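Asker: In our numbering, the protein residues as written are 6 to 497. Mind having a look at this structure? Questions to follow.
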């Protein structure tokens with residue numbers, strides 16, 4: 006866990022970059038990502054040098070051993086004049102890390118794959134800004150943040166500053182919501198886990214943390230190799246996001262992540278029956294060119310709406326028996342178009358729809374006020390839905406305004422406890438916060454999955470006075486007001 010002092014340091018870096026003309030939060034994180042990677046390369050060479058000094062064994066190095074190559078190392082340029090730092094980083098180090106390629110270790114090569122079109126965006130007229138940021142980052146590392154957990158938390162804090170929605174309804178999923186969804190599908194060390202709209206790779210990171218928390222002490226060598234490599238896959242159609250997600254994963258011990266450029270719902274993606282777990286918060290409200298959409302998705306629900314196409318995609322990409330937890334806007338639950346009904350019918354009739362967790366509309370503030378729900382299902386291809394568990398989340402531990410301040414009320418522990426013991430939910434009435442609805446009842450309601458369709462309200466009977474009694478009371482009140490008014494007038 007990062008301390009308040011470290012947060013203050015990050016906030017200061019953020020403020021300096023903003024004042025220096027780098028005002029897009031995504032650009033700030035991207036540029037800081039490059040600098041953190043440059044520093045990590047120097048750390049690798051320092052470790053190799055220390056090992057050589059102790060063992061006498063010659064080690065391979067990342068930076069060239071001549072004077073020009075050594076000048077590119079963080080430890081060599083960090084204390085130089087601002088103009089020199091700007092020239093070294095912009096004209097030498099940056100082109101170098103973009104071309105590391107095959108000569109690097111797996112970890113370095115994984116990140117360098119996404120560096121091909123990276124741009125150095127520190128303003129030329131603000132050379133001192135780069136020097137201030139380099140110094141500030143170096144001071145951060147003095148807080149013993151070299152271990153993966155601390156670096157991961159630090160990066161997570163920076164990603165939390167992405168407080169603006171992206172294109173096509175994309176926005177970052179709060180960490181506690183991701184962790185709830187991961188717990189609902191309970192990934193294991195043997196699973197292949199995917200987020201087909203990975204963004205900053207938050208769901209993959211939360212999955213990795215869940216596996217480490219529950220299985221770390223018992224994992225085999227093969228499972229650790231799987232964990233470090235192809236256990237986690239993510240796709241995105243934004244190269245900036247891919248660079249950020251690659252760094253985020255590597256900072257969480259996933260040293261060779263399978264993160265790739267891919268428009269997941271297009272004909273470019275033909276992956277089928279590959280993954281054990283899918284976790285995602287796909288883009289909302291977006292529409293696509295009909296010609297680019299994969300035909301087998303249109304066969305499930307013929308639409309151009311991304312939120313529906315992604316649901317069809319999740320079904321296709323899962324293995325039989327694979328689990329999915331995904332976020333959908335409320336419109337998916339009750340929309341009356343043929344495509345809306347078709348995708349809901351597919352989940353209910355042909356697979357095992359396990360749960361619908363309705364979330365309050367403030368969960369994604371300050372990004373957006375959209376109302377959403379979490380769908381949890383298992384791909385079977387042969388049905389399995391008998392009853393669907395509904396939960397009406399009213400609080401997630403944070404206020405539902407733009408400030409999102411921490412509060413005591415939090416339904417998430419109750420959601421996880423009840424989902425872990427669904428047999429105990431069988432007799433709960435529809436007036437409760439959670440309850441079951443039968444498949445037949447859902448089918449009779451056009452496969453509507455909105456909780457308000459099934460939740461029953463309890464109204465209290467209130468006894469009111471007769472109209473004549475109320476009128477008498479009003480007369481008495483008016484008389485009292487008149488008397489008090491005359492008393493005040495007499496004192497003036």
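Yeah, the Cβ is synthetic: ideal placement off N, Cα and C, and Gly gets one too. Keep in mind the model is a prediction, meaning the values are calculated, not measured.
#1: Is residue 414 helix, strand or coil by DSSP?
#2: Would you kindly check if the distance between the Cβ of residue 127 and the Cβ of residue 91 is under 8 angstroms?
#3: Can you give me the start and stop residues for the alpha helix (DSSP H) that residue 16 sits inside?
#4: Tell me whether the beta-carbon of residue 337 lies closer than 8 angstroms to the beta-carbon of residue 452.
#5: Using a Cβ-Cβ cut-off of 7 angstroms (strictly less than) and excluding sequence neighbours within five positions of residue 10, which residues of its own chain qualify?
#6: For residue 315 versus residue 202, is the C-beta distance shorter than 8 angstroms?
#7: Give a yes or no on contact between the segment 188–207 and the segment 226–244, applying the rule of three or more CB pairs nearer than 8 angstroms.
#8: Shortest alpha-carbon distance to residue 227 belongs to which of 424, 62, 194 and 189?
#9: Could you pull the DSSP bridge partners for residue 200 from this structure?
#10: If you check the beta carbons only, do residue 38 and residue 177 fall under 8 angstroms apart?
#11: Taking the DSSP output, what are the residues bridged to residue 403?
#12: Starting from the C-beta of residue 107, find all residues in its chain whose C-beta is less than 6 angstroms away, skip the five residues before and the five after it, and write them out in chain order.
#13: By a C-beta neighbour count over all protein chains shown, 10 Å radius and 16 as the cutoff for buried, is residue 470 buried or exposed?
#14: Taking 8 angstroms as the cut-off, does the segment 275–287 touch the segment 61–76 (at least 3 CB pairs, one atom from each stretch)?
#15: Less than 8 angstroms between CB atoms is the rule here; does residue 56 satisfy it with respect to chain B?
#16: Could you compute how far the alpha carbon of residue 36 sits from the alpha carbon of residue 413?
#17: Under 7 angstroms Cβ to Cβ from residue 20, same chain only, skipping five residues before and after it: list those, please.
#18: Kindly indicate the opening and closing residues of the alpha helix (DSSP H) around residue 139.
#19: Report back the beta-carbon spacing between residue 366 and residue 375 to the nearest angstrom; my notes put them in contact at under 8 angstroms.
#20: To the nearest angstrom, report how far apart residue 309 and residue 118 are at their CA atoms.
#21: Can you determine whether any heavy atom of the ligand FAD sits closer than 7 angstroms to the C-beta of residue 443, and answer yes or no?
#22: Output the distance between the C-alpha atoms of residue 430 and residue 384, rounded to the nearest integer angstrom.
#23: Output yes or no for whether 8 angstroms exceeds the beta carbon distance between residue 483 and residue 442.
#24: If you run the structure through DSSP and keep just helix, strand and coil, what is residue 392?
#25: How do the segment 401–417 and the segment 206–218 stand: do at least 3 beta-carbon pairs fall below 8 angstroms, yes or no?
#26: Which of the three DSSP states is assigned to residue 433 in this structure?
#27: Alpha carbon to alpha carbon, how far is residue 399 from residue 144? Give it in angstroms, no decimals.
#28: Below 8 angstroms on the Cβ atoms is my guess for residue 402 versus residue 417; work out the distance and round it to an integer in Å.
#29: By DSSP, does residue 379 sit in helix, in strand, or in coil?
#30: Quick one: using the 10 Å Cβ neighbour count with 16 as the cut-off for buried, is residue 207 buried or exposed?
#31: Could you tell me whether the segment 182–192 touches the segment 323–331, using the rule of 3 or more Cβ pairs below 8 angstroms?
Answerer: Well, looking at it:
#1: Locating residue 414 in the chain shown gives position 409, where the first residue counts as 1. Three-state result, residue 414: strand.
#2: Position 86 of the chain shown holds residue 91. Position 122 of the chain shown holds residue 127. Contact flag set, yes.
#3: Numbered from its first residue, the chain shown carries residue 16 at position 11. Run containing residue 16: 9–24, per the alpha helix (DSSP H) assignment.
#4: For the purposes of this step, residue 337 is identified with residue 332 of the chain shown, where counting begins at 1. For the purposes of this step, residue 452 is identified with residue 447 of the chain shown, where counting begins at 1. No; because the gap between Cβ atoms is not below 8 angstroms, this pair is not in contact.
#5: For the purposes of this step, residue 10 is taken as residue 5 along the chain shown, with counting starting at 1. Closer than 7 angstroms at Cβ, skipping near neighbours: no residue.
#6: Translated into positions along the chain shown, residue 315 becomes position 310. Translated into positions along the chain shown, residue 202 becomes position 197. A contact, by the Cβ cut-off of 8 angstroms.
#7: yes
#8: Within the chain shown, numbered from 1, the residue matching residue 227 stands at position 222. With distances taken between Cα atoms, residue 227 lies closest to 194.
#9: Along the chain shown, read from residue 1 onward, the residue named residue 200 stands at position 195. Per DSSP, 239.
#10: As a working note, residue 38 is residue 33 in the chain shown. As a working note, residue 177 is residue 172 in the chain shown. Result no, Cβ atoms of residue 38 and residue 177 do not sit closer than 8 angstroms.
#11: As a first step, residue 403 must be located in the chain shown, where it is residue number 398. Bridge partners of residue 403: 411.
#12: By 1-based counting over the chain shown, the position of residue 107 is 102. Bear in mind that a pLDDT of 49 at residue 107, under 50, signals an unreliable position, so the number given afterwards is only what the model happens to contain. Here the set comprises nothing.
#13: By 1-based counting over the chain shown, the position of residue 470 is 465. Exposed, since its Cβ has fewer than 16 Cβ neighbours within 10 Å.
#14: no
#15: Of the protein chains in this structure there is only one, and it is not chain B.
#16: Reading the chain shown from its first residue, position 31 is the one you call residue 36. Reading the chain shown from its first residue, position 408 is the one you call residue 413. C-alpha separation (whole angstroms): 37 angstroms.
#17: Counting from 1 along the chain shown, the entry for residue 20 is found at position 15. Cβ within range, chain order: n/a, list empty.
#18: If you number the chain shown from 1, residue 139 lands on position 134. Here the alpha helix (DSSP H) through residue 139 covers 132–146.
#19: Here residue 366 refers to the residue found at position 361 of the chain shown. Here residue 375 refers to the residue found at position 370 of the chain shown. With a Cβ gap of about 7 angstroms, residue 366 and residue 375 count as contacting.
#20: Position 304 of the chain shown, counting from 1, holds the residue named residue 309. Position 113 of the chain shown, counting from 1, holds the residue named residue 118. So the two alpha carbons sit approximately 31 angstroms from each other.
#21: The ligand content of the structure shown is nil, which means the ligand FAD is not present either.
#22: Here the question's residue 430 lines up with position 425 in the chain shown. Here the question's residue 384 lines up with position 379 in the chain shown. Those two C-alpha atoms are separated by around 23 angstroms.
#23: Here residue 483 refers to the residue found at position 478 when the chain shown is read from its first residue. Here residue 442 refers to the residue found at position 437 when the chain shown is read from its first residue. No, these two residues do not count as a Cβ contact at 8 angstroms.
#24: Residue mapping note: residue 392 aligns to position 387 of the chain shown, counting from 1. Three-state result, residue 392: strand.
#25: no
#26: Numbered from 1 along the chain shown, position 428 holds the residue referred to as residue 433. The answer is coil: DSSP assigns residue 433 none of H, G, I, E or B.
#27: Locating residue 144 in the chain shown gives position 139, where the first residue counts as 1. Locating residue 399 in the chain shown gives position 394, where the first residue counts as 1. Cα-Cα distance, rounded: 42 angstroms.
#28: Walking along the chain shown from the start, residue 402 turns up at place 397. Walking along the chain shown from the start, residue 417 turns up at place 412. The Cβ separation is near 7 angstroms, so the contact holds.
#29: Reading the chain shown from its first residue, position 374 is the one you call residue 379. It is a strand residue.
#30: The residue labelled residue 207 in the question sits at position 202 within the chain shown. Answer is buried; the Cβ neighbour count reaches 16.
#31: yes
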